[in-house]
Each structure stands twice: as C-alpha cells, then as structure tokens.
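For the sequence shown, full-length UniProt numbering begins at 1 and goes up steadily by one.
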Amino acid sequence: MDDVKTSSAVPGDRTPDTPREPMVVIDGVNKHFGDLHVLRDINLTVGRGEVVVVLGPSGSGKSTLCRAINRLETIESGTISIDGKQLPEEGKPLAQLRADVGMVFQSFNLFAHKTIRDNVTLGPIKVRKKSKSEADQQATQLLERVGVEAQADKYPAQLSGGQQQRVAIARSLAMGPKVMLFDEPTSALDPEMVNEVLDVMVGLAKEGMTMIVVTHEMGFARKAADRVVFMADGQIVEVGTPQEFFTSPKSERAKDFLGKILTH
Ligand SMILES: Nc1ncnc2c1ncn2[C@@H]1O[C@H](COP(=O)(O)OP(=O)(O)OP(=O)(O)O)[C@@H](O)[C@H]1O
Ligand SMILES: [Mg+2]
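Listed below in structure tokens is the structure:
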C-alpha cells in the first residue's frame, strides 16, 4: 500500500487538540450561481490526517464546496490550497493537483466499458505513468482491500451498488491521493450496502487519510470524524467535535437540523 499516504498521524490518535500540519486550506472563499451566493466567505483548514464531516440541509452548498476543492467549480474570491500549493487555474498543474485529491460521488462514476481492474489501473498508467504490471499489482491489492477482488474481470454493471462504490474508492486510492473527498457516497445505496462502504471509509480514516466527507450517516460522523462542520445557506455556521456538535449544538440552525434528521 505504498501509494496510500498514511501520514504522520498515529492510527487511533484522533484527539482534536493534536496540532496538525495543514493539508487543505480554504481561505475567504466566495461563489455565486447567478444571484445565489452559494459559498459565503468560507474559511476552513483541514489538517493532515484529519477527518472532517460536512453536514447541513439540502442546498446549503456542501457539494459546491467539495467541487471547489477539486476545482470542478471555479470560485470568485479567496484561495484554496492543498498541501501548501494553491489550486492552479488550469492546464497541467491543475491535472497534477487534481490527481492528489480523490473524489467519490453519490453516483459511482465508473467507466462502464472497462473492467473493474481497468477502471483502477487507468489513472495510474495514464497520469502517474506506472507500468501496466505495476498498476495491475496495485489494483489487485486495492481491490482486495475493499473486498471486491473476485470481481476484477467484470464490468461495473455486473456489480452491486455497494461493490461499485468500493471500486470507486479503490480507483481513487490508486492515484495515491493526499486528500479524499466524499460527497454522499452512500446515499444512492440500498441500506444493506451502506455499511460495507462505510467500513472501508472508517478503515481509511484509521490509517490517517485526510478526508472531507459529506454524509447523512451520523454513525460515521460520530465514529470517524475529528470535526463536524455544519453548513447552512452557504456559510459555515458551526464547527466542533462530533461530541460537541451532537450533544450541544450552539446555533438554532444546527439544533433544528439535528432535530429533523435524528427523528426521521
Ligand atoms: N450548476 C449550478 N447552477 C446553478 N445553481 C446551482 C448549481 N449547482 C448548485 N446550485 C445551487 O446551489 C445551491 C447549493 O447546492 P449544493 O449542491 O452545493 O448543495 P448541497 O448542500 O450539496 O445540497 P444537497 O444536500 O441537496 O446535496 C443550491 O441552491 C443549488 O440549487
Ligand atoms: Mg450535495
């Protein structure tokens, strides 16, 4: 698992007070969609090896924030940097930086006409310039790790949603990302498949991967998050440990949100 950055964080040592080197720095970020001010002066630093869960009502800007971190969305003001490097505007430096940021979406986004193995080896061969045999070997390891090695020669449509999402995680990890972004990775899954994906994510968190996770899975937030960021109307309204956030939310918006999600 050479390519998966395990960082200096000690597995299991997830005390929020441990000072961490900044990995993702979001500084004064603003974005509009027409008249809609979708990101309002967002400031957030995610430390190396830290797991941040982003919560908030629908339309609060969570996906837009994730997409901005990967520069799938442009921003109008402010800066975003990854491991000390500001996001480049375009071209090769952007492709390089994007390769450092893995992203797993709600829909699995696998290449439908490629086998599971080829889905995982494509990026390492094309972008990371690995040899086919090296990429194959790594793919085998990663598919084993997410528990789908038996499916390597199948096509995405032949796999369950949970299996496809685990392949999507393996494919991202194959690039050796410094940060993993997850945007509701389990929302499209049947309930019985949610845990198999969350278990892989909890494993990654324990290994010290830096993760930003948008999810409605409160169990994951409680178990794996170092901090919870609560967004509403394009703003970060509250940031705290899962313990703080779930037991004593400060803002009315957060109380209202928790009241709704915890009772349905
Ligand atoms: N490409 C776009 N063009 C115009 N408006 C957009 C676009 N993408 C998102 N929006 C709007 O921006 C706001 C924030 O959207 P975003 O998808 O970031 O919210 P979210 O917090 O991820 O919501 P959800 O929980 O439903 O996924 C919403 O009002 C949405 O309608
Ligand atoms: Mg969203």
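C-beta: ideal position from N, C-alpha, C; glycine also.
Does the beta-carbon distance from residue i to residue j come in below 8 angstroms?
i, j, result
"glutamate 184", "valine 214", "yes"
"threonine 140", "glutamate 134", "no"
"isoleucine 82", "valine 24", "yes"
"glutamine 158", "leucine 110", "no"
"proline 180", "leucine 198", "According to the sequence shown, residue 180 is methionine rather than proline. No, these two residues do not count as a Cβ contact at 8 angstroms."
"valine 38", "glycine 56", "no"
"arginine 117", "aspartate 136", "yes"
"proline 124", "glutamine 138", "yes"
"glycine 161", "glutamate 196", "no"
"alanine 168", "valine 127", "no"
"leucine 87", "isoleucine 80", "yes"
"alanine 221", "valine 46", "no"
"leucine 36", "valine 229", "no"
"leucine 142", "leucine 173", "yes"
"leucine 97", "lysine 85", "yes"
"methionine 209", "phenylalanine 182", "no"
Is any heavy atom of ligand 2 found at a distance shorter than 7 angstroms from the C-beta of residue i?
i, result
"valine 214", "yes"
"aspartate 183", "yes"
"serine 63", "yes"
Rounded to whole angstroms, what is the Cα-Cα separation between residue i and residue j?
i, j, result
"aspartate 256", "threonine 247", "13 angstroms"
"threonine 241", "lysine 250", "12 angstroms"
"glycine 102", "arginine 227", "20 angstroms"
"valine 51", "alanine 224", "7 angstroms"
"glutamate 76", "alanine 188", "31 angstroms"
"alanine 112", "arginine 40", "37 angstroms"
"arginine 48", "alanine 152", "32 angstroms"
"glutamate 244", "methionine 218", "13 angstroms"
"threonine 186", "glycine 78", "31 angstroms"
"serine 131", "threonine 121", "10 angstroms"
"leucine 262", "glutamine 235", "22 angstroms"
"alanine 95", "cysteine 66", "16 angstroms"
"leucine 258", "aspartate 233", "16 angstroms"
"aspartate 3", "glutamate 252", "Since pLDDT at aspartate 3 reaches only 42, below the 50 mark, its modelled position is unreliable, and the value read off the structure follows with that caveat. Going from the Cα of aspartate 3 to the Cα of glutamate 252 covers about 43 angstroms."
"serine 58", "lysine 260", "12 angstroms"
"methionine 231", "valine 104", "20 angstroms"
"isoleucine 42", "glycine 91", "25 angstroms"
"serine 63", "arginine 20", "25 angstroms"
"aspartate 27", "glutamate 89", "16 angstroms"
Would you list the residues sitting across from residue i in a DSSP beta bridge?
i, result
"serine 81", "Val25, Gln86"
"alanine 232", "Gln235"
"glycine 208", "Answer is none; glycine 208 lacks a bridge partner."
"glycine 47", "Pro22"
"aspartate 183", "Val214"
"glycine 102", "Met180"
"leucine 36", "Phe33"
"leucine 55", "Phe230"
"glycine 240", "Val228"
"isoleucine 261", "DSSP lists no partner for isoleucine 261."
"isoleucine 169", "Isoleucine 169 pairs with nothing; no bridge assigned."
"isoleucine 42", "Val29"
Is residue i near ligand 1, in the sense that its beta carbon is under 7 angstroms from a heavy atom of that ligand?
i, result
"glycine 56", "yes"
"serine 60", "yes"
"leucine 44", "no"
"valine 38", "yes"
"phenylalanine 230", "no"
"phenylalanine 33", "yes"
Item to complete: May I ask you to verify whether the stretch 203–213 touches the stretch 28–39, counting CB pairs closer than 8 angstroms and requiring at least 3?
Response: no
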